[in-house]
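See below for the structure under consideration.
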Amino acid sequence: MSNNRSGSFIGGMMLGATIGALTGLLIAPRTGRETRQLLKKSASALPELAEDISTSVQIQADRLSANARSNWDDTLDRLRDAISAGIDASLRESQAMKQQNAQEKSNTIPQHSDS
1 MSNNRSGSFI GGMMLGATIG ALTGLLIAPR TGRETRQLLK KSASALPELA EDISTSVQIQ
61 ADRLSANARS NWDDTLDRLR DAISAGIDAS LRESQAMKQQ NAQEKSNTIP QHSDS
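Next comes the structure, spelled out in structure tokens:
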């Protein structure tokens, strides 16, 4: 979850920086021609900025995916261990009950008396 938050934060920071730069250019005390030239330069840099943001988001998504896979593998391993332990316990209990039944049968065999 924190990876998702950091990816959102980075994206928001890049967007805020872009908006701030454009606002600064529009408010700056320059002539219209100078401002247009700066805007043109800024506009030409936007594809690169978009690519950087896209790359950052992709890296965060990859990290999140890898983390989810790792968590899933850990959960699956714990589940397998729990099932195995349950099967072992069931087999031990079954054997103990069979032994107990065998002992009870041998103790309850009727004795023949010669009367």
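Residue numbering for the sequence shown follows full-length UniProt numbering, starting at 1 and increasing by one per position.
All C-beta atoms in this analysis are idealised placements derived from N, C-alpha and C, irrespective of residue type, glycine included.
Since the model is a prediction, treat every value here as computed from it, not as a measurement.
I need the DSSP call for residue i, collapsed to helix, strand or coil.
i      : result
Ala85  : helix
Thr31  : coil
Thr108 : coil
Thr18  : helix
Please classify residue i: is it buried, with 16 or more other beta-carbons within 10 angstroms of its beta-carbon, or exposed?
i     : result
Gly24 : exposed
Gln60 : buried
Taking 8 Å as the limit between beta carbons, can you name the residues of its chain near residue i, skipping five residues before and five after?
i      : result
Ser65  : none
Ser106 : none
Thr31  : none
Can you find the residues in the same chain that come closer than 7 Å, C-beta to C-beta, to residue i, ignoring five residues on each side of it along the sequence?
i     : result
Ile53 : Gly11, Met14
Ala17 : none
Short of 6 Å in beta carbon distance, which residues of its chain neighbour residue i, apart from the five on each side in sequence? Order them along the chain.
i     : result
Ser56 : Ile10
Taking the C-alpha atoms as reference points, what is the distance between residue i and residue j?
i     : j     : result
Ser8  : Lys40 : 28 Å
Glu93 : Ser84 : 14 Å
Gly86 : Asp77 : 14 Å
Thr35 : Ile19 : 15 Å
Met97 : Asp73 : 36 Å
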